[in-house]
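Here is the structure we will look at, set down as structure tokens.
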Amino acid sequence: MSKGATIPVIEFCNVSKNYGAIEALKNASFEIDKGEIFGYIGPNGAGKTTSLKILVGLIQNHTGEVKINGQLPSENPNVNRLIGYLPQDVGFQEWRTVDHALNTFGRLSGMTKTDLIERIPEVLGVVDLQDARKRKIKHLSGGMKQKLKLAQALLHNPPILILDEPLSGLDPTSRWQLKNTIKKLSDTNVTILFSSHILDDVEDIATTIGIIHQGKLAKVGKPLELQKELMGGDGVEVTSPNISKKIKQIKSLSLVENVDLNEDDSTQVTIMFISDVNLEKGLNQLMDFFVNEQIVVYNFNYLKPSLEKVYLKYVVEGGLE
Amino acid sequence: MSGNMKNSMKSLLLLLWDEFKGFAKSKTIIALWVGMPLIIIIMHISDPSQGDFPITLFSGIVIASIGGLLAAVILSSTMTNEITKNVYALFLIRPVKRWHIVISKYIAFMFSLTIASLLSFTAGIIVDLIQSTVPSEFFKYILKFSFENLLISLSAMSIACASGLVIGMLVKSVAMSVILSIYLGQQMSVIAIMPGYFLENIDPLYFSLGVGFAATVVILALGIFIFKKKQF
Numbered sequence: 005m006s007k008g009a010t011i012p013v014i015e016f017c018n019v020s021k022n023y024g025a026i027e028a029l030k031n032a033s034f035e036i037d038k039g040e041i042f043g044y045i046g047p048n049g050a051g052k053t054t055s056l057k058i059l060v061g062l063i064q065n066h067t068g069e070v071k072i073n074g075q076l077p078s079e080n081p082n083v084n085r086l087i088g089y090l091p092q093d094v095g096f097q098e099w100r101t102v103d104h105a106l107n108t109f110g111r112l113s114g115m116t117k118t119d120l121i122e123r124i125p126e127v128l129g130v131v132d133l134q135d136a137r138k139r140k141i142k143h144l145s146g147g148m149k150q151k152l153k154l155a156q157a158l159l160h161n162p163p164i165l166i167l168d169e170p171l172s173g174l175d176p177t178s179r180w181q182l183k184n185t186i187k188k189l190s191d192t193n194v195t196i197l198f199s200s201h202i203l204d205d206v207e208d209i210a211t212t213i214g215i216i217h218q219g220k221l222a223k224v225g226k227p228l229e230l231q232k233e234l235m236g237g238d239g240v241e242v243t244s245p246n247i248s249k250k251i252k253q254i255k256s257l258s259l260v261e262n263v264d265l266n267e268d269d270s271t272q273v274t275i276m277f278i279s280d281v282n283l284e285k286g287l288n289q290l291m292d293f294f295v296n297e298q299i300v301v302y303n304f305n306y307l308k309p310s311l312e313k314v315y316l317k318y319v320v321e322g323g324l325e
Numbered sequence: 003m004s005g006n007m008k009n010s011m012k013s014l015l016l017l018l019w020d021e022f023k024g025f026a027k028s029k030t031i032i033a034l035w036v037g038m039p040l041i042i043i044i045m046h047i048s049d050p051s052q053g054d055f056p057i058t059l060f061s062g063i064v065i066a067s068i069g070g071l072l073a074a075v076i077l078s079s080t081m082t083n084e085i086t087k088n089v090y091a092l093f094l095i096r097p098v099k100r101w102h103i104v105i106s107k108y109i110a111f112m113f114s115l116t117i118a119s120l121l122s123f124t125a126g127i128i129v130d131l132i133q134s135t136v137p138s139e140f141f142k143y144i145l146k147f148s149f150e151n152l153l154i155s156l157s158a159m160s161i162a163c164a165s166g167l168v169i170g171m172l173v174k175s176v177a178m179s180v181i182l183s184i185y186l187g188q189q190m191s192v193i194a195i196m197p198g199y200f201l202e203n204i205d206p207l208y209f210s211l212g213v214g215f216a217a218t219v220v221i222l223a224l225g226i227f228i229f230k231k232k233q234f
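So the sequences go chain by chain: L and H.
For the first sequence, my numbering assigns the number 5 to the initial residue and increments by one for each residue that follows.
For the second sequence, my numbering assigns the number 3 to the initial residue and increments by one for each residue that follows.
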């Protein structure tokens, strides 16, 4: 690594893990930089939870290397203190109250009693669970338990958060609140890795996306990069009353790769620019053409395939050719 | 003591205290603490055939006969239940050693059982003293004999506790865990009691304490080994 280059906060290098004859992870690799929100998506049983458990040290007999802040957790177990983890399927000792559980987890994470007096109300405020502080865990609803799981992960102010399906079991308001919380934490340079199979949630908050399928990391990239890659470049969708008559002329523009007329609507076309062209230049050329030809444009949309399309391309169709 | 060692001791003590609080709040243990002395007194009073049979001695017999069984059943079902619910993951993602969890659970439960046994034993002594039906010289002998019996019972319970922990780790259903601990846990605890009474030239108390300690250490070591290999 060159001098001055920043070390990724999480390095997951060529990690494989077998459960008997089942290969849960096959040479999976990714890196996450400081402050990133990494959305880890894949179908059930793809290897998401296994990857996260390896990262937090719950699974140790794997091949490959995992580094947290450039350090191997096996050599320095204290790096685990840098991580807050929200597991997917986990229970609490239900005789505890919310306050008691957080006190125990906080103390085990190295916090003092004095720290916890201030921090517990704060973190319960973040997850909107202040009123349940004195309640026994066995009396909490499923959604409240999910919030408590998040609270214990945030408790010791970890710079890294690993969240396994954090939004599952939450009502729409709580989902919205939690997504905002994740974004806010990322703004304070907290690095977040979260798994989900709800693509809209990932699309809303992830700055980088990793798609895992059958234990293999099918693709890692920024959402826009993945979407562009799927389309083969930038494109726009234009709605205009006489556009069907201008298709040939649009095609002849130097920066335009292809023009397709919408089969269901003859006033709508999809215009794709040459893959390595600068989007701004392409748009300028197109706008000049519309102005010169005095074409009335009703609607003009930047084309962006949904994450669902990208996901299906890699998971169902086996990726790009 | 190095910083790491200090932190490790702190987390062990915290887990131990927490586990004890958990047991102290559980209905089963409260029932043991309150119920066992009460049952002993009621059973003794309600059975006229026992006549002047000292209640101190009677409490020793009851503790010996049901203590091991209760220890194995309660601990194995608790362990199975907590493993099935994946309770330990939230502890293990923190700098907590796996053997701390096993040891703290064992010690906290043994401590709870010891309290229950002592309460029953003390209740017996108090009732005997109040009734004053036992001659004082004979009472001293009964006290010594019952106390030795209590120690022997605790040795057996210690083996049963450790066996219950291991059974609880290996079995995935609480019902199966209870059934196995009823059959295996109590059978295991007998090794601390029986030979001492049947073998000549052996003091039953020292034999039980020695065997109880050794067997507990071996079974707990096995339990720690299994727990370390477990995937959470």
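Where a beta carbon is used, it is the ideal one built from N, C-alpha and C, also for glycine.
Minimum Cβ-Cβ distance from residue i to chain L less than 8 Å
| i | result |
| --- | --- |
| Ala91(H) | yes |
| Gly24(H) | yes |
| Val173(H) | no |
| Asn203(H) | no |
| Leu94(H) | yes |
| Asn151(H) | no |
| Lys87(H) | yes |
| Lys27(H) | yes |
| Phe113(H) | no |
| Ser13(H) | yes |
| Asp20(H) | yes |
| Phe234(H) | yes |
| Pro97(H) | yes |
| Gly5(H) | no |
| Leu77(H) | no |
Within-8 Å CB hit, residue i to chain H
| i | result |
| --- | --- |
| Thr10(L) | no |
| Arg85(L) | yes |
| Tyr318(L) | no |
| Ile48(L) | It should be noted that the sequence gives Asn, not Ile, for residue 48(L). False, the Cβ-Cβ gap to chain H never drops below 8 Å. |
| Asn82(L) | yes |
| Leu221(L) | no |
| Ile63(L) | yes |
| Tyr44(L) | no |
| Val13(L) | no |
| Ser113(L) | yes |
| Lys7(L) | Residue placement at Lys7(L) is flagged as unreliable, the pLDDT there being 46, under the threshold of 50; the coordinate-derived value follows with that caveat. No, Lys7(L) does not count as interfacial toward chain H. |
| Gln289(L) | no |
Cut-off 6 Å between Cβ atoms - residues of its own chain near residue i, not counting five sequence neighbours on either side
| i | result |
| --- | --- |
| Tyr318(L) | Ile215, Ala222, Lys223 |
| Val281(L) | Leu259 |
| Glu27(L) | Gly219 |
| Lys230(H) | Arg100 |
Any non-hydrogen atom of the ligand FMN closer than 7 Å to residue i Cβ
| i | result |
| --- | --- |
| Leu120(H) | Of the ligands one can find in the structure shown there are none, so the ligand FMN has no counterpart to examine. |
Where residue i falls, given that 16 or more other Cβ within 10 Å makes a residue buried
| i | result |
| --- | --- |
| His102(H) | buried |
| Tyr108(H) | buried |
| Val13(L) | buried |
| Gly126(H) | buried |
| Phe109(L) | buried |
| Gly225(H) | buried |
| Glu202(H) | exposed |
| Gln298(L) | exposed |
| Tyr208(H) | exposed |
| Asp130(H) | buried |
Contact under 8 Å by Cβ, residue i with residue j
| i | j | result |
| --- | --- | --- |
| Leu222(H) | Val104(H) | yes |
| Gly88(L) | Leu203(L) | no |
| Leu186(H) | Ile169(H) | yes |
| Ala155(L) | Leu106(L) | yes |
| Ala91(H) | Trp35(H) | no |
| Leu307(L) | Gly219(L) | no |
| Leu287(L) | Leu257(L) | no |
| Leu77(H) | Leu153(H) | no |
| Arg96(H) | Leu112(L) | yes |
| Phe277(L) | Gly237(L) | yes |
Close-in-space but distant-in-sequence residues of the same chain around residue i (CB under 8 Å, 5 per side omitted)
| i | result |
| --- | --- |
| Val184(H) | According to the sequence displayed, residue 184(H) carries Ile and not Val. So the list reads Leu71, Ala74, Val75, once near-sequence residues are dropped. |
| Leu144(L) | Val102, Ala136, Leu152 |
| Cys326(L) | Not covered by the structure: residue 326(L). The range shown for chain L is 5 to 325. |
| Val100(L) | With the sequence shown as reference, residue 100(L) is identified as Arg, and Val is not the correct amino acid for it. Cβ within range, chain order: Thr108, Lys140, Ile141. |
| Val64(H) | Met38, Ile41, Ile42, Met45, Ser122 |
Integer-rounded CB distance, given that residue j should sit under 8 Å from residue i
| i | j | result |
| --- | --- | --- |
| Phe25(H) | Phe123(H) | No, Phe25(H) and Phe123(H) are not in contact; Cβ-Cβ is about 19 Å, not under 8 Å. |
| Phe198(L) | Val242(L) | The Cβ separation is near 37 Å, so there is no contact. |
| Phe22(H) | Ser114(H) | 7 Å |
| Asn266(L) | Gly39(L) | So it is not a contact: roughly 40 Å between Cβ atoms. |
| Leu172(H) | Ile228(H) | 7 Å |
Residues near residue i by beta carbon distance below 7 Å, same chain, minus five either side
| i | result |
| --- | --- |
| Met190(H) | Ile161, Ala162, Ser165 |
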